[in-house]
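Have a look at the structure below before the remarks.
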Amino acid sequence: EKTINLELKEDKKNGWFGRAVAGAGSDVNAGGSDGGDELRFEGNLSLNRFKPGQQISILGMGNNVNQAGFSIDDYLAFSGAMRQMMGGGGGRVQLQFSQDGDNDLPLDFGDNQGFLRTWAGGVNFNQEFGKKADLNSSYMYSNSDKEYGRTSTRQSFLPGGDFSTLSQSAENNITDNHRLNLTYDQKIDSFNSVQFNSAFTYSQREAFSSSGSQTFGAGQVLLNEGNRTYQSDASGTNWTGNLLFRHKFARKGRNFSANVNFGLNNNDSESSSISENKFFDDGGQAVRVDTVAQDQLFANDVGNWGARGTYTEPLGKRRYLEFNYGYFRTENRADKDVFNVANGERYYDDLLSNTYTNIFGYHRGGAGFRINRKFWNGSIGIDAQSATLEGEVNSGQGAAVKQQFE
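In our numbering, each number is its position in the sequence shown, counted from 1, plus 14.
See the structure below:
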């Protein structure tokens with residue numbers, strides 16, 4: 015059995031590399047707004063610069079051919095995994111993706127329905143300051159415009175008579191996302207170090223949808239008809255941070271760590287909807303028309319912070335005692351105002367409007383025993399927690415709740 019270790023020399027960890035792809039053409043089946051052919055385009059740019067102690071990565075893309083984001087290879091280069099491999103540190107590279115799109119980069123997994131136009135770009139900057147400090151940072155922007163339409167016909171055969179339903183729907187969603195990440199790691203001396211992580215996101219979304227349906231009875235007689243339109247504008251910000259302090263004592267295995275974290279989240283939205291349903295007699299005349307029009311304002315503010323400390327005491331022979339204590343607190347306020355619209359006037363709806371506030375906090379402490387062996391590890395511990403929840407709902411009649419959990 016042979017083992018080969020590959021490591022780049024320091025003078026080779028220097029240079030530029032990248033890739034650029036571009037293409038354009040006409041879609042003769044689409045038809046533009048002026049009656050001509052629709053222009054289809056796609057472009058992708060990735061550029062990386064390495065030198066000892068520094069990495070800069072630039073990504074950009076744009077298309078209207080239903081590609082939602084970047085590839086996994088682009089993600090590896092941009093996120094810093096390439097820097098880890100170039101640095102010779104080895105180790106495991108773990109990738110995590112969320113279904114709601116809360117990633118550093120918009121990624122494309124295929125299966126994109128509708129007509130999608132996407133612009134995205136970002137910069138990643140990593141810098142080593144000597145042997146004691148590292149800075150990792152990135153900024154990403156993405157914009158997408160998606161249109162989606164559907165038409166369906168459904169026929170039902172029942173003992174009392176047959177009927178058919180024709181439905182149409184259309185949606186248009188426009189989103190803007192900004193994301194900034196920052197990690198700074200400072201080694202104070204051989205016994206102490208600090209690390210700060212922070213992430214900030216800002217997003218905007220415009221949504222519009224319309225739908226309609228018609229139901230026909232025997233002889234294609236119109237029975238009822240419904241139409242609904244909905245539009246909304248929403249924005250949100252989220253800022254999180256974590257400060258970690260680590261201390262190693264002179265005795266091997268004796269450690270202490272403390273971290274403080276915070277989070278601020280704000281979401282605001284404004285929406286309006288109009289729904290109309292018509293019912294017809296056998297002669298095709300409307301006998302009843304129901305119309306519901308509503309405007310809604312929503313605001314949600316959440317703030318949280320917490321602190322936690324952990325102490326590890328070695329017992330010898332790779333056995334350890336661990337003690338920890340932490341406190342966490344979050345405050346939440348949600349306001350929903352609903353207005354009914356009639357004859358061009360807005361009327362406040364007390365039944366559907368409300369304000370909800372709550373404060374949740376808990377103390378948690380514990381102790382544990384851990385043992386490490388060559389072929390197995392084991393641990394056992396106990397934790398105790400005391401939590402308090404205070405909340406109030408105001409919807410014309412206030413209701414307060416206060417609970418304590420041990």
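In this text, a Cβ means the ideal position worked out from N, Cα and C, and glycines have one as well.
Option nearest residue i by Cα separation, candidates the options
{"i": "A398", "options": "G405, N386, Y376", "result": "Y376"}
{"i": "F263", "options": "N58, N357, K388, P328", "result": "P328"}
{"i": "K201", "options": "F259, F337, G37, N275", "result": "F259"}
{"i": "N346", "options": "Q209, R333, G233, E406", "result": "E406"}
{"i": "E404", "options": "I373, F383, E239, L180", "result": "I373"}
{"i": "G267", "options": "T324, Y244, G240", "result": "T324"}
{"i": "T371", "options": "W30, E359, N408", "result": "N408"}
{"i": "G136", "options": "M75, L180, Q169", "result": "M75"}
{"i": "S289", "options": "N275, D304, N280, N357", "result": "D304"}
{"i": "K160", "options": "F337, M154, N138, F222", "result": "F222"}
{"i": "V306", "options": "F293, T167, N241, R322", "result": "N241"}
{"i": "I396", "options": "L335, N354, D295, M154", "result": "L335"}
Local Cβ density within 10 Å of residue i, reported as buried at 16 or more and exposed below that
{"i": "N191", "result": "buried"}
{"i": "N206", "result": "exposed"}
{"i": "S393", "result": "exposed"}
{"i": "T132", "result": "buried"}
{"i": "L130", "result": "buried"}
{"i": "G37", "result": "exposed"}
{"i": "Q81", "result": "buried"}
{"i": "Y388", "result": "Residue identity check: residue 388 is Lys in the sequence provided, not Tyr. Counting Cβ neighbours within 10 Å, K388 comes out exposed, since fewer than 16 surround it."}
{"i": "G83", "result": "buried"}
{"i": "A134", "result": "buried"}
{"i": "K331", "result": "exposed"}
{"i": "N386", "result": "exposed"}
{"i": "N357", "result": "exposed"}
{"i": "L172", "result": "exposed"}
{"i": "N28", "result": "exposed"}
{"i": "S158", "result": "buried"}
{"i": "S152", "result": "buried"}
{"i": "F64", "result": "buried"}
{"i": "N391", "result": "exposed"}
{"i": "T229", "result": "buried"}
{"i": "S170", "result": "exposed"}
{"i": "S166", "result": "exposed"}
{"i": "S204", "result": "exposed"}
{"i": "S400", "result": "exposed"}
Assumed close pair residue i, residue j - CB separation to whole angstroms, cut-off 8 Å
{"i": "S271", "j": "A248", "result": "Not quite, the Cβ-Cβ distance comes to about 39 Å (not below 8 Å), so this is no contact."}
{"i": "S212", "j": "S246", "result": "Actually they are not in contact, since the Cβ atoms of S212 and S246 sit about 30 Å apart, beyond 8 Å."}
{"i": "S40", "j": "E56", "result": "S40 to E56, Cβ: 13 Å. No contact."}
{"i": "Y10", "j": "G382", "result": "No statement about residue 10 is possible, as the shown extent of the chain runs from 15 to 420 and does not include it."}
{"i": "N273", "j": "N256", "result": "6 Å"}
{"i": "N318", "j": "R343", "result": "7 Å"}
{"i": "G298", "j": "G231", "result": "With a Cβ gap of about 11 Å, G298 and G231 do not count as contacting."}
{"i": "V35", "j": "R54", "result": "Between R54 and V35 the Cβ distance is about 14 Å, and since that is not below 8 Å, they are no contact."}
{"i": "R164", "j": "S178", "result": "The Cβ separation is near 17 Å, so there is no contact."}
DSSP-derived helix/strand/coil call for residue i
{"i": "A401", "result": "strand"}
{"i": "A232", "result": "helix"}
{"i": "I202", "result": "coil"}
{"i": "L366", "result": "coil"}
{"i": "W319", "result": "strand"}
{"i": "A264", "result": "coil"}
{"i": "W390", "result": "coil"}
{"i": "D423", "result": "Any question about residue 423 goes unanswered here, given that the chain covers just 15 to 420."}
{"i": "R332", "result": "coil"}
{"i": "V79", "result": "coil"}
{"i": "L53", "result": "strand"}
{"i": "Q209", "result": "strand"}
{"i": "Q127", "result": "coil"}
{"i": "K350", "result": "strand"}
{"i": "S227", "result": "strand"}
{"i": "S283", "result": "strand"}
{"i": "G358", "result": "coil"}
{"i": "T246", "result": "A quick correction: the sequence has Ser, not Thr, at residue 246. Strand."}
{"i": "K146", "result": "coil"}
{"i": "M100", "result": "Low confidence applies here, because M100 scores a pLDDT of 45, under 50, leaving its location unreliable and the question unanswered by this model."}
{"i": "G240", "result": "strand"}
{"i": "S271", "result": "strand"}
{"i": "S181", "result": "strand"}
{"i": "N338", "result": "strand"}
{"i": "S409", "result": "coil"}
{"i": "G136", "result": "strand"}
{"i": "Q113", "result": "With a pLDDT of 44 at Q113, under the threshold of 50, the modelled position of this residue cannot be trusted, and the question is left open."}
{"i": "N191", "result": "strand"}
{"i": "D304", "result": "strand"}
{"i": "N28", "result": "coil"}
{"i": "G74", "result": "strand"}
Sufficient close CB pairs (3 or more, under 8 Å) joining the stretch 300 to 317 to the stretch 351 to 367: Contact annotation: the stretch 300 to 317 touches the stretch 351 to 367, with at least three C-beta pairs closer than 8 Å.
Touching by the beta-carbon criterion (3+ pairs, under 8 Å), the stretch 216 to 230 and the stretch 188 to 202: Taking a cut-off of 8 Å for Cβ pairs, the stretch 216 to 230 and the stretch 188 to 202 touch, as three or more such pairs fall below it.
Meets three-Cβ-pair contact criterion under 8 Å: the stretch 132 to 146 and the stretch 54 to 73: By the Cβ criterion, the stretch 132 to 146 is in contact with the stretch 54 to 73, since at least three pairs of Cβ atoms, one from each stretch, lie closer than 8 Å.
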